[in-house]
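Engineer:
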Amino acid sequence: MRFKYRLQELAMKKLLLNSILPWHVIFDVDGVLTDGTFTYSANGKIYKVFGSHDSDALNILKDFCEISFVSADKRGFEISKKRVLDMGFDLQLADASDRLKLIRNLQSKSRIIFVADSFTDVSALQCADISAVPRNAHSQAKKVANIVLKANGGQGAVSEVSFLIMNTLRKKDIQNEQ
0 MRFKYRLQEL AMKKLLLNSI LPWHVIFDVD GVLTDGTFTY SANGKIYKVF GSHDSDALNI
60 LKDFCEISFV SADKRGFEIS KKRVLDMGFD LQLADASDRL KLIRNLQSKS RIIFVADSFT
120 DVSALQCADI SAVPRNAHSQ AKKVANIVLK ANGGQGAVSE VSFLIMNTLR KKDIQNEQ
């Protein structure tokens with residue numbers, strides 16, 4: 000398993016290093032930034048579980064590329080929006096077809112890295128220049144992703160992919176300076 004991950008990581012780094020256009024990372028919220036858990040009361044959804052380390056990694060990553068978030072969860076959108084805004088980013092309500100359109104529109108000016116976890120994201124994962132999924136992503140999403148992360152959603156997946164991107168782009172900056 001380690002060997003396969005290393006090959007995926009090397010392929011991702013090659014794509015990152017060879018791009019002239021800037022990078023834009025789009026993260027799905029539920030199942031990537033969160034662990035996918037929804038807690039309900041009699042009044043409806045009231046809690047989501049977010050990873051604790053992802054905010055720090057994202058604050059460093061924003062120096063290297065654009066970052067945005069998407070969620071298809073209408074009922075829990077305000078919960079996600081509060082967390083994403085607290086971290087200093089924007090959140091769009093976007094179902095699978097909206098995500099595909101968003102990626103295609105952004106590709107005219109950026110290279111896209113899409114991080115998602117659901118079988119509904121397969122088309123968007125395939126359309127992105129680089130796609131990544133958490134270890135606990137749906138099997139169909141894993142089949143099409145460029146890289147399957149070691150971490151689960153809400154448990155460091157955002158940090159893991161952020162550091163892969165940052166470390167690679169930092170090397171590119173050093174090479175360009177020489």
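So in numbering that gives the first Met the number 0, spot 109 of the sequence shown is number 108, and the numbers just go up one at a time. Cβ atoms here follow ideal geometry from the backbone N, Cα and C, with glycine treated the same way.
#1: Helix, strand or coil: which one does DSSP assign to D29?
#2: Grab the span of the beta strand (DSSP E) containing S70 for me, first residue to last.
#3: Between the alpha carbons of F37 and R74, how many angstroms are there, rounded?
#4: Going by DSSP, what residue range makes up the beta strand (DSSP E) through A131?
#5: First and last residue of the beta strand (DSSP E) that includes Q179?
#6: Is the region 18–35 touching the region 63–71 in the sense that three or more CB pairs, one from each, lie closer than 8 Å?
#7: Between the region 102–119 and the region 12–23, do at least 3 Cβ pairs fall closer than 8 Å?
#8: Should R169 go down as buried or exposed, given a rule of 16 or more other Cβ atoms within 10 Å for buried?
#9: Pick from A140, P133, N135: whose alpha carbon is nearest that of Q125?
#10: Taking all protein chains shown into account, do 16 or more other C-beta atoms lie within 10 angstroms of the C-beta of R98, making it buried, or fewer, making it exposed?
#11: Leaving out five residues before and five after R82 in sequence, what residues of the same chain have Cβ atoms less than 7 Å from its Cβ?
#12: Cα-Cα, which of P21, P133, C64 is closest to N145?
#13: With burial defined as no fewer than 16 other Cβ atoms inside 10 Å of the residue's Cβ, what is the status of L163: buried or exposed?
#14: In this structure, how does DSSP classify M0 when only helix, strand and coil are distinguished?
#15: In angstroms with no decimal places, state the Cα-to-Cα distance between W22 and S79.
#16: Can you tell me the Cβ-Cβ gap for A56 and S130, rounded? I've got them flagged as a contact below 8 Å.
Structural biologist: Taking the geometry as given:
#1: As a first step, residue 29 must be located in the sequence shown, where it is residue number 30. The answer is helix: DSSP assigns D29 an H, G or I state.
#2: Mapped onto the sequence shown, residue 70 falls at position 71. Unbroken beta strand (DSSP E) run through S70: 65–70.
#3: Stepping through the sequence shown from its first residue, residue 37 is reached at position 38. Stepping through the sequence shown from its first residue, residue 74 is reached at position 75. Going from the Cα of F37 to the Cα of R74 covers about 11 Å.
#4: On the sequence shown, position 132 is the one that residue 131 refers to. Here the beta strand (DSSP E) through A131 covers 129–132.
#5: An answer regarding residue 179 cannot be provided, because it is not within the stretch 0 to 177 covered by the chain.
#6: yes
#7: yes
#8: Looking up residue 169 in the sequence shown gives position 170. R169 should be labelled exposed.
#9: As a working mapping, residue 125 is identified with position 126 in the sequence shown. Here the closest residue by C-alpha is A140.
#10: Here residue 98 refers to the residue found at position 99 of the sequence shown. It is buried - the Cβ of R98 has at least 16 other Cβ atoms within 10 Å.
#11: Residue mapping note: residue 82 aligns to position 83 of the sequence shown, counting from 1. Excluding residues within five positions, the ones whose Cβ falls inside 7 Å are F49.
#12: What you label residue 145 is simply residue 146 of the sequence shown in a count that begins at 1. Checked all of P21, P133, C64; the closest Cα to N145 is P133.
#13: The residue given as residue 163 occupies position 164 in the sequence shown. With 16 or more Cβ atoms within 10 Å of its Cβ, L163 is classed as buried.
#14: If you number the sequence shown from 1, residue 0 lands on position 1. Note on M0: pLDDT 45, under 50, position unreliable in the model; no value is reported.
#15: Counting from one through the sequence shown, the residue named residue 22 turns up at place 23. Counting from one through the sequence shown, the residue named residue 79 turns up at place 80. If I take the Cα positions, the gap works out to 23 Å.
#16: Residue 56 sits at position 57 when you count from the first residue of the sequence shown. Residue 130 sits at position 131 when you count from the first residue of the sequence shown. The Cβ separation is near 19 Å, so there is no contact.
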